[in-house]
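With the first letter of the sequence shown counted as 1, position 155 gets the number 155 in full-length UniProt numbering; the numbers rise by one all the way through. These notes concern the structure reproduced below.
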Amino acid sequence: MANKPILHYFNGRGRMESIRWLLAAAGVEFEEQFFETKEELQKLKATVLLFQQVPMVEIDGMKLVQCRAILHYIAEKHSLLGKDLKERTLIIMYSEGTMELMELLMIYSVLTGEEQKQKLDEITNKTKNRYFPAYEKVLKTHGQNFLVGNQMSLADVQLIETILMVEEVIPDALSGFPLLQAFKTRMSNIPTIKKFLAPGSKRKPVADAKSLENIRKIFS
1 MANKPILHYF NGRGRMESIR WLLAAAGVEF EEQFFETKEE LQKLKATVLL
51 FQQVPMVEID GMKLVQCRAI LHYIAEKHSL LGKDLKERTL IIMYSEGTME
101 LMELLMIYSV LTGEEQKQKL DEITNKTKNR YFPAYEKVLK THGQNFLVGN
151 QMSLADVQLI ETILMVEEVI PDALSGFPLL QAFKTRMSNI PTIKKFLAPG
201 SKRKPVADAK SLENIRKIFS
């Protein structure tokens, strides 16, 4: 049996969470090695991190960095990147859109006070007036259960992840988007994803104040 991928990151979501999601959706078991101090991260930077950045994933004899490169490799390997160039391009285009929204949510999670409120207003506006209307339109025009073709892809996995992230801060975010509501239900019931959403999986929770403080110390 091939070795399991090994994910190197802190014990939290961040940019690694989409990689966890994709591996889980593909039914791939993985291991995690967490760094818990600034010194442990510095050691990684000095030895194995190509650009001195995480996330890093050890997979198929490679030590991959750069989140998008990792995601595309996993998606290609597990037939989640379309059947031809046109589908691949659409999948990447849609996934880039969701990553833009994820970036806003990641920034929001580390802010406090008035800055966090302003960021939430921006997230709410862009979710309801830019991103969710776009994906609702794609599903309506496409007329299929998934965003591209009629099978699950990287774009679908990232969209369900993003929907759930948005709902953590905007509970009624899907109000007025019936096709996205149905999409969320379908995706959540795919066996591999249902397993990842269940208690005890390697999906990471929303960071609490203590976790955020530790992350700040690691990256300071």
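Think of the CB as a built atom: it goes at the ideal place given N, C-alpha and C, for glycine as much as any other residue.
For residue i, count the other beta carbons within 10 Å of its own beta carbon; 16 or more makes it buried, fewer makes it exposed. Which is it?
i	result
Gln-158	buried
Leu-50	exposed
Met-62	exposed
Glu-114	exposed
Val-148	buried
Arg-216	exposed
Val-54	buried
Leu-105	buried
Glu-17	buried
Output yes or no for whether 8 Å exceeds the beta carbon distance between residue i and residue j.
i	j	result
Tyr-131	Lys-119	no
Lys-77	Ile-218	no
Leu-154	Ile-70	no
residue 225	Ser-188	Not covered by the structure: residue 225. The range shown for the chain is 1 to 220.
Arg-68	Ala-207	no
Lys-45	Glu-29	no
Thr-127	Val-166	yes
Val-57	Leu-7	yes
Lys-184	Leu-197	no
Asn-145	Arg-186	yes
Ala-25	Ile-193	yes
Thr-124	Ile-170	yes
Leu-81	His-72	yes
So the beta strand (DSSP E) residue i belongs to, where does it begin and stop?
i	result
Glu-32	31-34
Ile-193	Note, Ile-193: premise wrong, no beta strand (DSSP E); alpha helix (DSSP H) at 191-197.
Val-57	56-59
Ile-6	6-9
Taking residue i as the reference, give the member of the options with the closest Cα.
i	options	result
residue 221	Ser-95, Lys-210, Leu-212	In this structure the chain extends from 1 to 220, so residue 221 is not present and cannot be described.
Arg-88	Met-152, Phe-183, Ala-198	Met-152
Gly-176	Lys-86, Asp-121, Pro-133	Pro-133
Lys-204	Pro-5, Arg-15, Phe-183, Ile-6	Arg-15
Ser-220	Glu-32, Gln-181, Leu-80, Glu-36	Glu-36
Glu-122	Thr-141, Leu-101, Val-110, Glu-136	Leu-101
Glu-31	Gln-42, Glu-40, Phe-10, Thr-47	Phe-10
Glu-136	Lys-83, Glu-17, Gln-181	Gln-181
Ala-209	Gln-42, Pro-178, Val-110	Val-110
Leu-64	Gln-42, Leu-105, Ile-19, Gly-82	Ile-19
Gln-52	Lys-43, Ile-74, Lys-83	Lys-43
Lys-83	Leu-179, Pro-191, Asn-150	Asn-150
Gly-143	Asp-172, Glu-168, Leu-179, Asn-129	Leu-179
Provide the residue span of the alpha helix (DSSP H) that contains residue i, from first to last.
i	result
Ala-218	Here residue 218 is Ile; the residue named in the question, Ala, does not match the sequence. Unbroken alpha helix (DSSP H) run through Ile-218: 209-219.
Arg-20	17-25
His-186	The sequence as given places Arg at residue 186; His does not occur at that position. Unbroken alpha helix (DSSP H) run through Arg-186: 178-188.
Thr-127	First-last for Thr-127: undefined, no H or E at that position.
Lys-43	38-47
How about residue i: is its Cβ closer than 7 Å to a heavy atom in the ligand ATP?
i	result
Leu-44	Among the components modelled here there is no ligand, and therefore nothing to report on the ligand ATP.
To test your reading of the DSSP string, which unbroken alpha helix (DSSP H) runs of 4 or more residues are found completely within the region 61-123? 67-77, 85-110
Pick out the complete alpha helix (DSSP H) segments inside the region 134-159, 4 residues or longer, and give them in chain order. none
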